[in-house]
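Colleague:
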Amino acid sequence: MLENFTVGLYVKTEGHNTGTGWVPGTDEHKKDIDCDIQPYSQELLLKDYGYDIKVNKRIFIDYYEPLIEIGTILKYVNRRGETEVYEVKAIPWDDEYMEVACLAIQE
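Numbering-wise (my numbering), the sequence shown opens with residue 7 and increments by one.
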């Protein structure tokens, strides 16, 4: 498998009420992984797996990573030097590797 990107795995911490207002949660960095990132679409996800979820990237990891769940935030720097942020939307399971469907989000 190509491992052409290093991606940071982040988990959103819970927000809390301070008594004077709501403080939203933050993205807590858990670890970095090496993976392959490819374009993807809602139509292909529906055709490939039957999931009708809006997505625009697919990430391949050649092992099972237990920190990756629906809602996990993935961040990486693209080839233009820009940080891209994605939320995990679907995880079609396989015993030997992970294929993760993601949607770009604004930070």
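We treat Cβ as the ideally placed atom computed from N, Cα and C, and that holds for glycine.
Going by DSSP in three states, Q48 sits in which element: helix, strand or coil?
Modeller: Walking along the sequence shown from the start, residue 48 turns up at place 42. Helix at Q48.
Colleague: Based on DSSP bridge pairs, tell me the residues matched to N62.
Modeller: Position 56 of the sequence shown, counted from the start, is the residue given in the question as residue 62. N62 is not bridged to any residue.
Colleague: Any idea what DSSP makes of D40, helix, strand or coil?
Modeller: Reading the sequence shown from its first residue, position 34 is the one you call residue 40. Residue state, collapsed to three classes: strand.
Colleague: Reducing DSSP to helix, strand and coil, say where D54 ends up.
Modeller: What you label residue 54 is simply residue 48 of the sequence shown in a count that begins at 1. In this structure, D54 counts as helix in the three-state DSSP scheme.
Colleague: Using 10 angstroms around the beta-carbon of K95, count the other beta-carbons present and answer buried if the total reaches 16, otherwise exposed.
Modeller: Residue 95 sits at position 89 when you count from the first residue of the sequence shown. Result: buried.
Colleague: I need the straight-line Cα distance from L15 to R85, nearest angstrom please.
Modeller: In the sequence shown, counting from the first residue as 1, residue 15 sits at position 9. In the sequence shown, counting from the first residue as 1, residue 85 sits at position 79. Going from the Cα of L15 to the Cα of R85 covers about 19 Å.
Colleague: Cutting at 6 Å between CB atoms, please list the residues of its own chain near L73, excluding the five before and the five after it.
Modeller: As a working mapping, residue 73 is identified with position 67 in the sequence shown. Excluding residues within five positions, the ones whose Cβ falls inside 6 Å are L15 and K36.
Colleague: Decide if Y46 is buried, meaning its Cβ has at least 16 other Cβ atoms within 10 Å, or exposed.
Modeller: Position 40 of the sequence shown, counted from the first residue, corresponds to residue 46. That one is buried.
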